[in-house]
Ligand SMILES: [Zn+2]
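In our numbering, the protein residues as written are 1068 to 1559.
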């Protein structure tokens, strides 16, 4: 069974002056009766010991105070004893208070800490329910979170590091109400949350919050393409390295393939082909186009087009490498043999096969390789699918290998493309070129500049935002982030 030392430990009170008298249950809550250890006390005025009491009716001095959560829906309460003294020396009249009691209400300091800490993963209403307290009480406790803790912790982090890699990111609080989140890239720690996304705010943070000795440590920064922030940060960096986030480029490349695939799907679904090709087939516009028609059209393209597309076709074949696959040799996860079925055009229209194009080539299973191969061979009008897919894979490989010449090659190939969406990708690469270059030149095999970690923090912020839907103001939101990131340790 539990012993007294154990109780003393979990209650975490100042046991120098107090002791546990009794434990009982009241309204399903556990109540610890706490009493003073000594009869005398120090006078608050003259600091001499006094034992002269003014109170007579001891049983009326009991107060129940909330202390900590217990079990799922119960609270441990303390039954305290408030003593009324009159100093023998200076005749001061005073009520004595335990030092673990909060100055603000009928609860202990630990209770306040528990609520503030729990707020990071529980919503406001839920807190009131769990701790059997009113919303107003919870609000007054949460309002006492010091949002400067984020800054203080950020400065502490920066002082410890030798090199600082900053990432500045906008983050919406609600609609167009934004906050600016500054993170350290290598360690993935939150440095600051600014309550508005203006350049002045960032300037203030840089010049008035960040210690000057930390300025020279900032050797690299990245923003999501906002010139204003870049300029502010540029003022304090000697030789700033700008770089782009690889993930965003991957997403962009995938988006190109996705849209090309969508348009290719329309050729079968809605007869979405060139007018002269339709005439070549001798069909009316509302007549369905079949797979055979597509094949006929692809073969009847002029020579320059076929020649230009040859390299993409060959590369796609080479990447998928389906010659190695034995079609009669598929097993599911239970080890049973399964038959591979070809995709019919109707099924292709219905299923879209969207994910198939998002996977990296190296992650594809053999079955997926076969499917992709069939889509390329049968449903690929003018080979745009193969072109975009090959370019995407090449682009991702080039980023992985940090190969700048390859990226130049892909950029030029995109410009030559006949597909408008692939041409747009040329523009994307061109616009981000300096940043991609920064990424390739300053990444090493061990460390790649990526904001995956900071995106993670961003995500945590978003989760924190969603978990509690009772924000009266942005100030409260920043307080919540403080609770999430800075109040992690409750030392007991
Ligand atoms: Zn006194």
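Positions of the beta carbon are idealized from the N, C-alpha and C atoms, including for glycine.
Asked	Found
Spell out a yes or no on whether the segment 1429-1440 and the segment 1383-1394 are touching, meaning 3 or more CB-CB pairs, one atom from each, closer than 8 Å.	yes
Of the choices 1090, 1406, 1472, whose alpha-carbon is the least far from that of residue 1395?	1406
Please classify residue 1123 as buried or exposed, where buried requires at least 16 other C-beta atoms within 10 Å of its C-beta.	exposed
Rounded to whole angstroms, what is the Cα-Cα separation between residue 1493 and residue 1357?	32 Å
For residue 1115, which residues of its own chain have a beta-carbon under 6 Å away from its beta-carbon, when the five flanking residues on both sides are left out?	1156
Closer than 7 Å is what we want: which residues have a beta carbon that near any heavy atom of ligand 1? List them in chain order.	1110, 1112, 1113, 1115, 1117, 1154, 1156, 1157, 1159
Roughly how many angstroms separate the alpha carbons of residue 1118 and residue 1153, rounded to a whole number?	8 Å
Would residue 1548 pass as a contact of residue 1143 if the rule is Cβ separation under 8 Å?	no
Is the segment 1206-1223 touching the segment 1254-1269 in the sense that three or more CB pairs, one from each, lie closer than 8 Å?	yes
Please name the residue, chosen from 1228, 1529, 1448, 1158, that lies closest to residue 1280 on a Cα-to-Cα basis.	1228
Kindly list the residues whose CB is nearer than 7 Å to the CB of residue 1484, restricted to its own chain and excluding five residues on each side of it in sequence; keep chain order.	1454, 1490
Going along the chain, which residues of its own chain have a beta-carbon closer than 7 Å to the beta-carbon of residue 1427, five neighbours each way excluded?	1463
Is residue 1251 helix, strand or coil by DSSP?	strand
Might you give, ordered along the chain, the residues of its own chain that have their beta carbon closer than 6 Å to the beta carbon of residue 1300, omitting 5 neighbours on each side?	1288
Determine the contact status of residue 1087 and residue 1097, defining contact as a CB-CB distance below 8 Å.	no
Pull up the distance between the alpha-carbon of residue 1132 and that of residue 1148, whole angstroms please.	10 Å
Over the uninterrupted beta strand (DSSP E) stretch that includes residue 1415, give me the two end residues.	Not the beta strand (DSSP E): residue 1415 falls in the alpha helix (DSSP H), residues 1412-1418.
Taking the runs of the beta strand (DSSP E) that are 3 residues or longer, which of them lie wholly in the segment 1082-1108?	1085-1093, 1096-1103
Please state the DSSP three-state secondary structure of residue 1559.	Residue placement at residue 1559 is flagged as unreliable, the pLDDT there being 48, under the threshold of 50; the coordinate-derived value follows with that caveat. Residue 1559 falls in the coil class under three-state DSSP.
Tell me residue 1324's beta-bridge partners as DSSP assigns them.	Partner(s): none; residue 1324 has no beta bridge.
Going by C-alpha distance, which of 1353, 1392, 1209, 1471 is nearest residue 1501?	1471
In three-state terms, what does DSSP make of residue 1070?	coil
I need the straight-line Cα distance from residue 1012 to residue 1233, nearest angstrom please.	Since the first residue of the chain shown is 1068 and the last is 1559, residue 1012 is not available in this structure.
Buried or exposed for residue 1168, please, with buried defined as at least 16 other CB atoms from any protein chain shown within 10 angstroms of its CB.	buried
Measure the C-alpha to C-alpha separation of residue 1085 and residue 1194 and round it to an integer number of angstroms.	29 Å
Excluding the 5 residues preceding and the 5 following residue 1376 in the sequence, name in chain order all residues of the same chain whose CB lies nearer than 7 Å to its CB.	1450, 1454
Going by C-alpha distance, which of 1552, 1404, 1550 is nearest residue 1393?	1404
Using a Cβ-Cβ cutoff of less than 7 Å, which residues in the same chain neighbour residue 1436 once the five nearest sequence positions on both sides are dropped?	1387, 1389, 1392
In angstroms, rounded to a whole number, what distance separates the CA positions of residue 1371 and residue 1438?	28 Å
Return helix, strand or coil for residue 1200, following the three-state DSSP convention.	coil
What's the C-alpha gap between residue 1559 and residue 1078?	Reliability fails at residue 1559, whose pLDDT of 48 lies under 50, so the model's placement of it is uncertain and the value that follows must be treated cautiously. Whole-angstrom Cα-Cα distance: 9 Å.
Can you tell me whether residue 1225 is helix, strand or coil according to DSSP?	helix
Just how far apart, CA to CA, sit residue 1441 and residue 1409?	8 Å
Which runs of the alpha helix (DSSP H) fall wholly inside the segment 1441-1482 and span at least 4 residues, in chain order?	1451-1468
Would you mind working out which of 1332, 1411, 1365, 1318 sits nearest residue 1495, comparing C-alpha positions?	1318
If we call anything under 8 Å between Cβ atoms a contact, is residue 1236 one with residue 1525?	yes
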